[in-house]
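At position 66 of the first sequence (counting the first as 1) the number is 1140 in this note's numbering, and the numbers step up by one without a gap.
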Amino acid sequence: MARHLITSALPYINGIKHLGNLVGSQLPADLYARYLRTRGNEVMFICATDEHGTPAELAAAKTGEPVAEYCARMHGVQTELARGFGLSFDHYGRSSSQRNHALTQHFAGRLADNDYIREVSEKQVYSVDDGRFLPDRYIEGTCPNCGYDKARGDQCENCTKQLDPTDLINPHSAISGSTNLEVRETKHLYLRQSALKGEISDWIDSKKDWPILTTSIARKWLNDGDGLQDRGITRDLHWGIPVKRGQQAWPGMEGKVFYVWFDAPIEYIASTAEWADAQGKADADWRRWWRKDEGAQDVTYTQFMGKDNVPFHTLGFPATIIGSGEPWKLVDYIKSFNYLTYDGGQFSTSQGRGVFMDDALEILPADYWRWWLLSHAPESGDSEFTWDNFQQSVNKDLADVLGNFVSRITKFCRSKFGEVVPEGGEYGREETALIDTLTTRIRAYEDFMQAMEVRKAAAELRGIWVLGNEYLQGAAPWSTFKTDPEKAAMQVRLGLNLIRLYAVLSAPFIPFTSDAMLAAMQTDISDWPDDVTAALQALRVGHAFIVPEVLFAKITDEQREEWEQRFKGVRA
RNA sequence: GGGCCUGUAGCUCAAUGGUUAGAGCAGGGCGCUCAUAACGCCUUGGUUGGGGGUUCGAGUCCCUCCGGGCCUACCA
1075 MARHLITSAL PYINGIKHLG NLVGSQLPAD LYARYLRTRG NEVMFICATD
1125 EHGTPAELAA AKTGEPVAEY CARMHGVQTE LARGFGLSFD HYGRSSSQRN
1175 HALTQHFAGR LADNDYIREV SEKQVYSVDD GRFLPDRYIE GTCPNCGYDK
1225 ARGDQCENCT KQLDPTDLIN PHSAISGSTN LEVRETKHLY LRQSALKGEI
1275 SDWIDSKKDW PILTTSIARK WLNDGDGLQD RGITRDLHWG IPVKRGQQAW
1325 PGMEGKVFYV WFDAPIEYIA STAEWADAQG KADADWRRWW RKDEGAQDVT
1375 YTQFMGKDNV PFHTLGFPAT IIGSGEPWKL VDYIKSFNYL TYDGGQFSTS
1425 QGRGVFMDDA LEILPADYWR WWLLSHAPES GDSEFTWDNF QQSVNKDLAD
1475 VLGNFVSRIT KFCRSKFGEV VPEGGEYGRE ETALIDTLTT RIRAYEDFMQ
1525 AMEVRKAAAE LRGIWVLGNE YLQGAAPWST FKTDPEKAAM QVRLGLNLIR
1575 LYAVLSAPFI PFTSDAMLAA MQTDISDWPD DVTAALQALR VGHAFIVPEV
1625 LFAKITDEQR EEWEQRFKGV RA
């Protein structure tokens, strides 16, 4: 039994995530975790909310809540939504946890001890009226290059010129509008990534099987310009992990916190510790997933993330781990995704554009979304969500191919034999042919799942569903019943067993429906079909079942049009 | 500006440099009547964005042009 550690990129705390966020990390990670579990592996699937940084403080200020309360509340909201989508985290932690405080401070201390930290004194813009230093992008003004009056301090969106905040004409705070800005001197810690460039570069080069998207982004950062740059890992904010050197005070760093991108990946580890705490387990129980000297040497660690997260996971976090000089587990495989776009534009949390997780669950069950998103996962390039495509795909795949298959065989059985697996008849040529084809396709499905080829796995699974309809059409029990009822019984028995088989195979994609299918078949036998012939005999003669409700109601044209209108603009 | 990704049927996508570029959906025809007007079979549909080059052979490699997207280090 292999051991698999799986992490999904941490969703940021400042609001409800949209479908693009979901499909870029949490959902495919869940697919993989569920698959590996059902294949008998020991799995630790970890996620958490990412709670620090300026946007969290501003979001809290907007609602009038203290930031700690805001984060606690939003963590609760996101936890419920994760549950609603069937995300099977072993633990959904918080980057603001005490575990993460201690670990982040520990890593900083180790990095300092190993001379991978340097102090840098720099000048930053301070907004007197806001009472805070402003990140470059929170300063607005007129672009000196093109005259655009809403240029940001890091870049002008209009002419794309890169800017320094001090370049702006009439600079003002993007938060309050205040022009009462001054440049102040402040001191920060930098992680000397440049000193680790060689090691990180060699490590990336050794990953021959990683997606091009992952390695090309990493190489770009490693080799662009002067190569990998040192990175500031502290900020002048109130909300965050106080800068400490291990458990010691860090002279000169009083009142400062670690940069959110320094502590967020460490939360993968901390969240596993939170899991142990929540389960009443010992430290050794989480450390065996992370410390190669305490049991993690045989762990396979896979990370899932959108492409925007790749630099921090290929460079920053590995630099932290390598630089610590301690035997923490480095990631073995990074599965990265492009973006899902919405009707030709971008999904946007800040602009409220697109479909958000709460809206999605309000209008349709989770499995509709899981199936569409995973079968259209943006693996080779950005992919687009349109209501038309969504309606067509879901109706065809789920309602017609799978749902209707379950419906037709259970209802036929009920009308001819009752709600019980019928007796009689033996397999003939058609049945052995079906089993051969099923076996071939299930093995292909396993390969795609193992390789995290999400779309191909979905297509293969769909193909397996189709085999059921093909079989029924050829076998035609409604015909054979008239001349050879025993043969019809055998055909129906096989059909009913296919439902159970499909429930098991489909569980990683559509777990709720899978449960409903098993419930209808009144069985909890969910072993993986290593032997298809045996798997198709799980429901024995005389076993009672229930004809289930329609598994997937179709999306009507009226619904599609209504949703198209409803989600057209921006939401408040 | 620089870098990376991408462009294949009406749509969404496949195709270690190697038969005649394949699937699903949509469209057309036939069949079936168990089923959510569902299912099955057959079928139409391509100058692989344009142009050059390398090769016995290019969707695939090289050059160039055009279109789309992303990143470019203080948002996360």
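All residues carry an ideal CB built from backbone N, CA and C; glycine is no exception.
>> If you follow the alpha helix (DSSP H) that residue 1291 is in, where does it begin and where does it stop?
In response: For residue 1291, the uninterrupted alpha helix (DSSP H) segment begins and ends at 1286-1297.
> Helix, strand or coil: how does DSSP classify residue 1313 here?
Replying inline: Note: residue 1313 maps to coil in three-state DSSP.
>> Considering Cα atoms alone, identify which of 1324, 1290 and 1137 is closest to residue 1057.
In response: This structure cannot speak to residue 1057, because the chain is shown only from 1075 to 1646.
> By Cβ distance, which residues of its chain are closer than 7 angstroms to residue 1614, with the 5 residues on each side in sequence left out?
Replying inline: Residues of the same chain with a CB within less than 7 angstroms of the CB of residue 1614, apart from the 5 flanking positions on each side, are 1495 in chain order.
> With DSSP run on the structure shown, which of helix, strand or coil describes residue 1252?
Replying inline: Residue 1252 falls in the coil class under three-state DSSP.
> By Cβ distance, which residues of its chain are closer than 8 angstroms to residue 1190, with the 5 residues on each side in sequence left out?
Replying inline: In its chain, beyond the 5 residues on either side, 1265, 1266, 1269, 1270, 1393 and 1397 have a beta carbon closer than 8 angstroms to the beta carbon of residue 1190.
> In the structure shown, what three-state DSSP assignment does residue 1542 receive?
Replying inline: Assigned with DSSP and collapsed to three states, residue 1542 falls in helix.
> Are three or more beta carbon pairs between the segment 1557-1564 and the segment 1485-1505 nearer than 8 angstroms?
Replying inline: Taking 8 angstroms as the limit for Cβ pairs, the verdict is that the segment 1485-1505 does touch the segment 1557-1564.
> Leaving out five residues before and five after residue 1107 in sequence, what residues of the same chain have Cβ atoms less than 7 angstroms from its Cβ?
Replying inline: Residues 1080, 1117, 1119 and 1162 of the same chain have their beta carbon placed closer than 7 angstroms to that of residue 1107, with the five preceding and five following residues left out of the count.
> Taking the continuous beta strand (DSSP E) assigned at residue 1192, which residues delimit it?
Replying inline: Taken as a continuous stretch (DSSP letters only), the beta strand (DSSP E) holding residue 1192 covers 1191-1201.
> For residue 1461, which of helix, strand or coil comes out of DSSP?
Replying inline: In the structure shown, residue 1461 adopts helical secondary structure according to DSSP, grouped into three states.
> Should residue 1410 and residue 1431 be called a contact, given that it needs their Cβ atoms to be closer than 7 angstroms?
Replying inline: Going by C-beta atoms, residue 1410 is not nearer than 7 angstroms to residue 1431.
> At which residue ranges does the segment 1590-1638 contain complete alpha helix (DSSP H) runs of 4 or more residues, listed in the order of the chain?
Replying inline: Along the length of the segment 1590-1638, whole alpha helix (DSSP H) runs at least 4 residues long occupy 1606-1609, reported in chain order.
>> Only counting the same chain, and skipping five residues up and downstream in sequence, which positions put a Cβ closer than 7 angstroms to that of residue 1637?
In response: Correct list, in chain order: 1437 and 1461.
> Going by C-alpha distance, which of 1147, 1408 and 1624 is nearest residue 1283?
Replying inline: Comparing Cα-Cα distances from residue 1283 to each of 1147, 1408 and 1624, the minimum goes to 1408.
> Thinking C-alpha only, which one of 1204, 1209 and 1241 is nearest residue 1222?
Replying inline: Of the listed residues, the one whose Cα sits closest to residue 1222 is 1241.
>> Does residue 1209 come out as helix, strand or coil in the three-state DSSP assignment?
In response: If DSSP states are grouped into helix, strand and coil, residue 1209 belongs with coil.
> Whole-angstrom Cβ separation of residue 1132 and residue 1090, contact assumed at under 8 angstroms?
Replying inline: About 16 angstroms; that fails the 8 angstroms criterion.
> Should residue 1286 go down as buried or exposed, given a rule of 16 or more other Cβ atoms within 10 Å for buried?
Replying inline: Burial call: exposed.
> residue 1571 by DSSP, collapsed to three states: which one?
Replying inline: Here residue 1571 carries a helix assignment [DSSP, helix/strand/coil].
>> With a threshold of 8 angstroms on Cβ separation, who are the neighbours of residue 1611 within its own chain once the five nearest residues in sequence on each side are excluded?
In response: Only 1571 meet the Cβ criterion.
>> Restricting to Cα atoms, I'd like to know which of 1302, 1316 and 1301 is closest to residue 1308.
In response: Minimum Cα distance to residue 1308 is reached at 1316.
> Taking the continuous beta strand (DSSP E) assigned at residue 1555, which residues delimit it?
Replying inline: No beta strand (DSSP E) holds residue 1555; the alpha helix (DSSP H) holding it covers 1551-1557.
> Can you pull the DSSP bridge partners for residue 1225?
Replying inline: DSSP, once it has assigned bridges, lists 1215 as partnering residue 1225.
>> Would residue 1140 and residue 1088 be called neighbours here (beta carbons separated by less than 7 angstroms)?
In response: Not a contact, by the Cβ cut-off of 7 angstroms.
>> Please return the same chain residues whose Cβ sits closer than 8 angstroms to the Cβ of residue 1404, not counting the five positions on each side in sequence.
In response: Excluding five sequence positions before and after residue 1404, the CB atoms of its chain that fall closer than 8 angstroms to its own CB belong to 1277, 1375, 1392, 1395 and 1396, given in chain order.
> Out of curiosity, what's the CA-to-CA distance linking residue 1509 and residue 1469?
Replying inline: Taken atom to atom, the span from the alpha-carbon of residue 1509 to that of residue 1469 is near 27 angstroms.
>> Along the chain, where does the alpha helix (DSSP H) containing residue 1345 start, and where does it finish?
In response: Counting along the chain, the alpha helix (DSSP H) containing residue 1345 begins and ends at 1334-1352.
> Looking at residue 1585 and residue 1160, is the spacing between their C-beta atoms short of 7 angstroms?
Replying inline: Closer than 7 angstroms, so yes.
>> If you measure between the beta carbons of residue 1167 and residue 1345, is that distance less than 7 angstroms?
In response: Result yes, Cβ atoms of residue 1167 and residue 1345 sit closer than 7 angstroms.
> Closest to residue 1440 by CA distance: which of 1305, 1635 and 1583 is it?
Replying inline: In this structure, 1583 is the residue among 1305, 1635 and 1583 with its C-alpha nearest to the C-alpha of residue 1440.
> Hey, residue 1304 and residue 1260 are a contact pair by Cβ (cut 8 angstroms); roughly how many whole angstroms apart?
Replying inline: A Cβ-Cβ distance of about 16 angstroms is found for the pair residue 1304 and residue 1260, leaving them out of contact under the 8 angstroms criterion.
>> Residues in the same chain with beta-carbon distance under 6 angstroms from residue 1239, minus the five sequence neighbours each way, listed in chain order, please.
In response: Shown here for residue 1239: same chain residues with a beta carbon closer than 6 angstroms to its own, the five before and five after excluded, namely 1199, 1210, 1213 and 1227 in chain order.
> Helix, strand or coil: which one does DSSP assign to residue 1581?
Replying inline: In the three-state reduction of the DSSP assignment, residue 1581 falls in the coil class.
>> Measuring only the C-alpha atoms, how far is residue 1122 from residue 1165?
In response: Taking C-alpha positions only, residue 1122 is separated from residue 1165 by approximately 8 angstroms.
>> Does residue 1095 pass the burial test, meaning 16 or more other C-beta atoms within 10 Å, or should it be called exposed?
In response: Result: buried.
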